[in-house]
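Peer 1: Residue numbers (this note's numbering), protein chains in the order written: chain G, 1 to 200; chain U, 1 to 200; chain S, 1 to 200; chain W, 1 to 200. Ideal Cβ placement from N, Cα and C applies to all residues, glycine included.
4 protein chains.
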Amino acid sequence: MTDSTRVRARGADKRRRLTAAAAQVLHRQGVERTTIADIAKAAGVPVGNVYYYFKTKDELVQAALAEHEGSLAELTGALDRLPDPLDRLKGLVDAWVGRRDVAARYGCPTGTLAAELDKRADGVLDLEAGRVIRRLLDWVERQFRELGLPDAADHAVTLVAAYQGMSLLANALRDPEIMTSQGARLTRWLDSLTADGDAS
Amino acid sequence: MTDSTRVRARGADKRRRLTAAAAQVLHRQGVERTTIADIAKAAGVPVGNVYYYFKTKDELVQAALAEHEGSLAELTGALDRLPDPLDRLKGLVDAWVGRRDVAARYGCPTGTLAAELDKRADGVLDLEAGRVIRRLLDWVERQFRELGLPDAADHAVTLVAAYQGMSLLANALRDPEIMTSQGARLTRWLDSLTADGDAS
Amino acid sequence: MTDSTRVRARGADKRRRLTAAAAQVLHRQGVERTTIADIAKAAGVPVGNVYYYFKTKDELVQAALAEHEGSLAELTGALDRLPDPLDRLKGLVDAWVGRRDVAARYGCPTGTLAAELDKRADGVLDLEAGRVIRRLLDWVERQFRELGLPDAADHAVTLVAAYQGMSLLANALRDPEIMTSQGARLTRWLDSLTADGDAS
Amino acid sequence: MTDSTRVRARGADKRRRLTAAAAQVLHRQGVERTTIADIAKAAGVPVGNVYYYFKTKDELVQAALAEHEGSLAELTGALDRLPDPLDRLKGLVDAWVGRRDVAARYGCPTGTLAAELDKRADGVLDLEAGRVIRRLLDWVERQFRELGLPDAADHAVTLVAAYQGMSLLANALRDPEIMTSQGARLTRWLDSLTADGDAS
DNA sequence: AATGAATGAGTATTCATTCAT
DNA sequence: GATGAATGAATACTCATTCAT
């Protein structure tokens, strides 16, 4: 490893730490209640130095959004290795249920971020958040289509909306059990869809 | 009408105007991005005077929450006059769809408020928001129970979560059409539930 | 004096104090080296309160500019009461010389402000500064015209430029004597202009 | 050419580039609104490296001032080759008029720098700026003396002040034409001085 | 000598809340 | 009760300067 590589690695590492910290802290505290100092502290970086990597707070928010988008891509990427689209969708639901405790405490990262950013008058970041959700919708729709179902787009909206809704309820009521029971319902629904046509 | 009565009436009016303004502005801009001055201006009340009616900003938020709770109570109260619980639930869905434009622009008032308040470390108002949602859940559950369905509680969670989810998606994607199509789906689902048992 | 008058008077007084302080401190330290805190302290006003009267630092700069414009208007207004335009112009030169010590220490308020504001990329305030100088030019030109001189506009530029130049030199060399000697020269020049036509 | 020579040459080149960049950027943006990064970028030098050549920002300002002083020396040096002092002075005026567009956009480099530096509490650099202006004054005075005129010093102040004043006005009003007309006036004045004694 | 990165002090601005009348 | 004004703590962002390599 050359010197310049090491330095670049250190710089990239700090940027990654800041991004990860931003993703977590912003999810937990929300955008408006999170200060740059909060993120800096969580990342172990002096405040002034944050601005070497991100010119504005909004850029940090965007990076956090991209981080969540990356997690999602990682998940769908792994699911894509399953041969059966139905298994992929059920795997997605399982993943959601697996994160029930985080959902019950802080909600869905993308969903809560989208909701908060939508309150802004200046529409830049809110479109970003919408884009991430759209990507999830697209992936889900593709699975439904591969299953040969009509109304794949509608089904996708139904599934993702169900996820956002159950996360919000679990969060508002602080009850992870909602994730479990609704997850089970979604799994049953997916099975029914493929078993004998569209029952919804 | 005595003078003091008139004054009290005027005072109550100001309080009401502040509450209504808070409900609307907080819904549109979110709690953190809304200043007391914003609400005061929307209500046509001088800033300094706000504090005569509400000791803190949090009390204004609480009042806004109560206002939304009141709207909900009004709606369910009206629906309660329908003889058939199924019609009541379908009426609820219709009401949601009827507000599709507001939902697409600002999301569900209670849901977005709950999501934002849940980010707070101090758990006072977030529980309030949860309580409002809980009341809706209870009302819905009661209808399902009156319909003689098993799993009334689960069904209630399903319906309300669907509403929250579709509102969030409609908002994030700025697409009121989502409210319409998902509303239709929910109506069909309600019909199927009562027609031939549980299809979900 | 009613209560509201007194309050308004107090508010107006503070605004005036802030404006006066801004005019003085900005002249002495320049725009960029002056902090809001500097002005607040000079005016005996808590920092946070400054923003009740001026929304931004730039508004304070503008107010200071207007203050200098006001001083100028006061001076020309007084000179306007002299019957002879030549006396008015000589009175103007005398006034300049009378302020030689301030000029030697801090330069001409309007001139140095204009020079500093002209460095800005965003052209808003710099035009303001130009406007103040233009007003002086116009007044001087009017006097020359009343004297029946041709090239009144050119003469005006010559006189005002001489003032700006001698102020700058006096300031750069910290030598008030320059104001005196150049003032005498300008007086002689004015006399010669009217004695036997244009000698310049 | 040995390696060390080449390196020294390269180093000297960087220093020269930095100095030139500083002279230009500081003239255009002013001292306070110019960052070290601005100058570094304009010179094509990495920020961190600037400090190898200049220990502080003030040293860069001083170098810029020296650069402007050098330009002036170059100009007067060239004019010194003219046999007639009157031609030298008229050549100086011509040079000023020749730079009318820069003057109208950014003012006289030395004059604006002097005005800005004079606002500083710590008197180090402001004296420097005064010194540069003094050198110009001395050169001009020498020409007047060679012409056999009495009051050479006063004439010098008059000429240089006129230049500073017209530059400031041209800049504040964004009007290069002022340079042209005032330049013509100065040329006439110089002619009149030598033709028939002192007309000013 | 060269350079990307680090540091920390400083600055404008916002805003909930309080106060004086 | 009503109201303009006051207060001060907080926060995003900048930048000269230093450091590690």
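Give the DSSP-derived three-state secondary structure of PRO83(S) in the structure shown.
Peer 2: Reduced to three states, the DSSP call for PRO83(S) is coil.
Peer 1: Taking 7 Å as the CB-CB cut-off, is GLN168(S) touching chain W?
Peer 2: A quick correction: the sequence has Leu, not Gln, at residue 168(S). It does: the Cβ of LEU168(S) has a partner Cβ on chain W nearer than 7 Å.
Peer 1: Might you give, ordered along the chain, the residues of its own chain that have their beta carbon closer than 7 Å to the beta carbon of LEU203(W), omitting 5 neighbours on each side?
Peer 2: Residue 203(W) is absent from the model: chain W starts at 1 and stops at 200.
Peer 1: Buried or exposed: where does TYR52(S) fall if 16 or more other Cβ atoms within 10 Å of its Cβ makes it buried?
Peer 2: Answer is exposed; the Cβ neighbour count stays below 16.
Peer 1: Checking contacts by CB at 7 Å: is ASP198(W) closer than that to chain S?
Peer 2: Only weak support exists for where ASP198(W) lies, its pLDDT of 46 falling under 50; the value from the coordinates is given anyway. Taking Cβ atoms only, chain S never reaches closer than 7 Å to ASP198(W), which makes this a no.
Peer 1: Does DSSP put ARG185(U) in a helix, a strand or coil?
Peer 2: It is helical.
Peer 1: Among ALA63(W), LEU26(W), GLN143(W), which residue has its Cα nearest to the Cα of PRO83(W)?
Peer 2: Of the listed residues, the one whose Cα sits closest to PRO83(W) is GLN143(W).
Peer 1: Should ASN49(S) go down as buried or exposed, given a rule of 16 or more other Cβ atoms within 10 Å for buried?
Peer 2: Under this definition ASN49(S) is an exposed residue.
Peer 1: Should ARG81(W) be labelled buried (16 or more other beta-carbon atoms within 10 Å of its own) or exposed?
Peer 2: Exposed, since its Cβ has fewer than 16 Cβ neighbours within 10 Å.
Peer 1: Output, in chain order, the set of chain W residues within a Cβ distance shorter than 7 Å of VAL140(S).
Peer 2: Correct list: empty, because the minimum Cβ distance to chain W is about 12 Å.
Peer 1: Taking the alpha helix (DSSP H) that ASP138(W) belongs to, which residues open and close that run?
Peer 2: Its alpha helix (DSSP H) spans residues 125-146.
Peer 1: Taking the alpha-carbon positions, what's the LEU149(W) to LYS57(W) distance?
Peer 2: Taking the straight line joining both Cα atoms gives about 43 Å.
Peer 1: In chain U, which residues lie less than 8 Å from GLN164(G) when you measure between Cβ atoms?
Peer 2: Near GLN164(G) (Cβ distances below 8 Å), the residues of chain U are GLN164, GLY165, LEU168, LEU169.
Peer 1: Name the chain S residues whose beta carbon is nearer than 9 Å to that of ASP154(W)?
Peer 2: What ASP154(W) touches in chain S: SER181, GLN182, ARG185.
Peer 1: Taking the alpha-carbon of ALA46(G) as reference, which of LEU125(G), ASP126(G), GLY70(G), ARG17(G) has the nearest alpha-carbon?
Peer 2: Reading off the sequence shown, one finds Pro at residue 46(G), where the question assumed Ala. Nearest C-alpha to PRO46(G): ARG17(G).
Peer 1: What does the Cβ neighbour count give for VAL31(U), buried or exposed, with the cut at 16 atoms within 10 Å?
Peer 2: Flag for VAL31(U) reads buried.
Peer 1: Rounding to the nearest angstrom, what Cα-Cα distance links ARG120(W) and GLU59(W) in this structure?
Peer 2: Straight-line Cα distance between these residues: approximately 15 Å.
Peer 1: Residues of chain S with CB closer than 7 Å to the CB of THR112(W), please, in chain order.
Peer 2: Here the neighbours are ALA115.
Peer 1: Using the three-state DSSP reduction, which class does THR34(S) fall into: helix, strand or coil?
Peer 2: Of the three classes helix, strand and coil, the one that applies to THR34(S) here is coil, per DSSP.
Peer 1: Report the neighbours of ASP80(W) on chain S: residues whose CB is nearer than 9 Å to its CB, in chain order.
Peer 2: Within chain S, no residue comes near ASP80(W); the closest Cβ sits about 23 Å away, beyond 9 Å.
Peer 1: Whose C-beta lies closer than 6 Å to the C-beta of THR19(U) among residues of the same chain, with five residues either side of it excluded?
Peer 2: Once the five neighbours on either side are set aside, the close Cβ partners of THR19(U) are ALA63, GLU67.
Peer 1: Taking all protein chains shown into account, decide if ASP13(U) is buried (16 or more other Cβ within 10 angstroms of its Cβ) or exposed.
Peer 2: The residue is exposed, with fewer than 16 neighbouring Cβ atoms inside 10 Å.
Peer 1: DSSP state of PRO109(W), grouped into three classes?
Peer 2: If DSSP states are grouped into helix, strand and coil, PRO109(W) belongs with the helices.
Peer 1: Could you check where the alpha helix (DSSP H) with ALA172(G) kicks off and where it finishes?
Peer 2: Taken as a continuous stretch (DSSP letters only), the alpha helix (DSSP H) holding ALA172(G) covers 152-172.
Peer 1: Counting only Cβ pairs nearer than 8 Å, list the residues of chain W close to VAL157(S).
Peer 2: Within 8 Å Cβ-Cβ: MET166, LEU169, ILE178, SER181, GLN182.
Peer 1: Could you give the first and the last residue of the continuous alpha helix (DSSP H) run that contains GLY213(S)?
Peer 2: A query on residue 213(S) cannot be resolved here, the shown segment of chain S reaching from 1 to 200 and no further.
Peer 1: Quick check: what's the CA-CA separation for GLU116(U) versus ALA152(G)?
Peer 2: Whole-angstrom Cα-Cα distance: 32 Å.
Peer 1: Which residues in the same chain have their Cβ closer than 6 Å to the Cβ of VAL93(W), if we skip the five residues on either side of it in sequence?
Peer 2: Cβ neighbours of VAL93(W) beyond the five flanking positions: GLY183, LEU186, THR187.
Peer 1: Using the C-alpha atoms, what's the distance from ALA104(S) back to HIS27(S)?
Peer 2: One C-alpha to the other measures close to 12 Å.
Peer 1: Three-state secondary structure (DSSP) at ASP191(W)?
Peer 2: ASP191(W) falls in the helix class under three-state DSSP.
Peer 1: When you compare each of THR110(W), ARG33(W), PHE54(W), THR76(W) to SER167(W) by their alpha carbons, which one comes out closest?
Peer 2: Nearest option by C-alpha distance: THR110(W).
Peer 1: With THR159(S) and VAL140(S) assumed to form a contact (beta carbons below 8 Å), what rounded beta-carbon distance in angstroms separates them?
Peer 2: In the sequence on display, residue 159(S) carries Leu and not Thr. Confirmed, about 6 Å.
Peer 1: DSSP state of ALA121(W), grouped into three classes?
Peer 2: Correct three-state label for ALA121(W): coil.
Peer 1: Taking ARG100(S) as the reference, give the member of SER192(S), ALA172(S), GLY77(S), THR35(S) with the closest Cα.
Peer 2: Here the closest residue by C-alpha is ALA172(S).
Peer 1: According to DSSP, is LYS90(U) part of a helix, a strand, or is it coil?
Peer 2: Note: LYS90(U) maps to helix in three-state DSSP.
Peer 1: Output, in chain order, the set of chain U residues within a Cβ distance shorter than 7 Å of ASP118(G).
Peer 2: Result: GLY107, ASN171, ALA172.
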